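Participant:
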Amino acid sequence: MNYAGVNMITCGSENCYVIRGRDGDILIDTGSSRYREEIGVWLDNYNIKLIFLTHGHNDHIGNAAFFAKRFGADIAMSAYDIALARNNKIHKLYRTGARGFVIMAASKMTFLSKSESFETNIFLEDGLPIGDICGIEDCTAVRLEGHTKGSFGILHGNDLYVGDAAMNFVSPSFPAICESPRAARETLNFIRQLMPDRVFFGHGSPVMGGSPEYNKMFDMTIF
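Residues in the sequence shown are numbered consecutively from 46, following my numbering.
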């Protein structure tokens with residue numbers, strides 16, 4: 046895997062990413078609150094001006110309020126996931142395949158927990174030039190509905206940050222839990238057509254586009 050230019054922070058099974066810019070940096074997801082100190086140590090190396098939340102689950106938004114205050118950063122998230130961010134239990138989740146049962150059980154306490162409330166300053170729309178605030182060219186928000194209704198990713202150049210629109214537990218795959226399997230399938234078809242050079246997941250190691258591992262992501266026989 047070619048990690049050139051990638052700023053990846055991993056705590057437990059959770060990944061956060063930083064895209065560096067001329068006028069500041071974008072933090073993609075914030076991890077869960079139990080990893081706040083570890084993530085914060087890494088973030089001291091950056092100039093975080095924008096926090097981009099791929100969706101409203103607590104393992105991705107757990108430190109949003111804290112880091113927004115610490116760095117004076119704006120928060121960008123879909124309006125669809127505002128209510129979900131306040132209560133992770135309000136939407137039904139479907140389990141897909143055997144991994145879904147395992148991940149659902151492992152995530153139970155995360156969904157029951159409460160994240161600190163925060164103000165969303167930027168509401169994401171498909172194609173929004175999200176990099177402008179930090180002086181980052183060719184950096185746009187892309188809608189990746191399925192895992193949640195309001196799931197979004199970032200397309201930076203031809204690198205795609207997908208949040209949980211796909212997951213890499215053991216191997217890249219359809220999201221193991223999702224609000225809409227139909228929408229998740231459509232999103233994976235969109236990613237296939239997009240043909241990114243690299244894919245960066247909210248959980249699991251990144252993959253190179255076109256690699257055997259990458260192609261496993263599109264095996265949708267489980268649903």
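Beta carbons: idealized from backbone N, C-alpha and C, even for Gly. No experiment lies behind these values; they were computed from the predicted model shown.
(1) In three-state terms, what does DSSP make of residue 58?
(2) Could I get the ranges of all uninterrupted alpha helix (DSSP H) runs contained in the segment 117-163, with 4 residues as the minimum, in chain order?
(3) So, with DSSP's three-state summary, where would you put residue 109?
(4) From residue 68 to residue 180, what distance separates their C-alpha atoms?
(5) Enumerate in chain order the residues of its own chain whose CB-to-CB distance from residue 149 is below 6 Å, with the five nearest sequence positions on each side excluded.
(6) Who pairs with residue 206 in a beta bridge, going by DSSP?
(7) Is residue 174 helix, strand or coil when you go by DSSP?
(8) Does the pairing of the segment 243-253 with the segment 206-213 give three or more beta-carbon distances under 8 Å?
(9) Taking just the CA atoms, how far does residue 105 sit from residue 171?
(10) Could you tell me the alpha carbon to alpha carbon distance between residue 81 and residue 258, rounded to whole angstroms?
(11) Out of 238, 96 and 61, which one is the CA nearest neighbour of residue 83?
(12) Do the CB positions of residue 124 and residue 166 come within less than 9 Å of each other?
(13) Taking DSSP's pairing of strands, which residues face residue 187 in a bridge?
(14) Report the CB separation of residue 22 from residue 76 in whole angstroms; it is logged as a contact under 8 Å.
(15) For residue 109, is the classification buried or exposed, using 16 other Cβ atoms within 10 angstroms of its Cβ as the cut-off for buried?
Facilitator: Put simply:
(1) In the structure shown, residue 58 sits in coil (DSSP, three-state: anything other than H, G, I, E or B).
(2) The segment 117-163 is shown to contain whole alpha helix (DSSP H) runs of 4 or more residues at 127-131 and 142-157, in chain order.
(3) Residue 109 sits in a helix when the DSSP states are folded into three classes.
(4) In a straight line, the C-alpha of residue 68 is about 5 Å away from that of residue 180.
(5) Taken in chain order, the residues that qualify are 140 and 222.
(6) Within the DSSP secondary-structure output, residue 206 pairs in a beta bridge with 199 and 245.
(7) The three-state secondary structure of residue 174, taken from DSSP, is coil.
(8) Verdict: yes, contact present.
(9) About 20 Å.
(10) Approximately 31 Å between the Cα atoms of the pair.
(11) Nearest option by C-alpha distance: 61.
(12) No, the Cβ-Cβ distance between residue 124 and residue 166 is not below 9 Å.
(13) Under DSSP, residue 187 forms a beta bridge with 198.
(14) Outside the displayed span of the chain (46 to 268) sits residue 22, for which this structure offers no information.
(15) Within a 10 Å sphere around the beta-carbon of residue 109 sit 16 or more other beta-carbons, which makes this residue buried.
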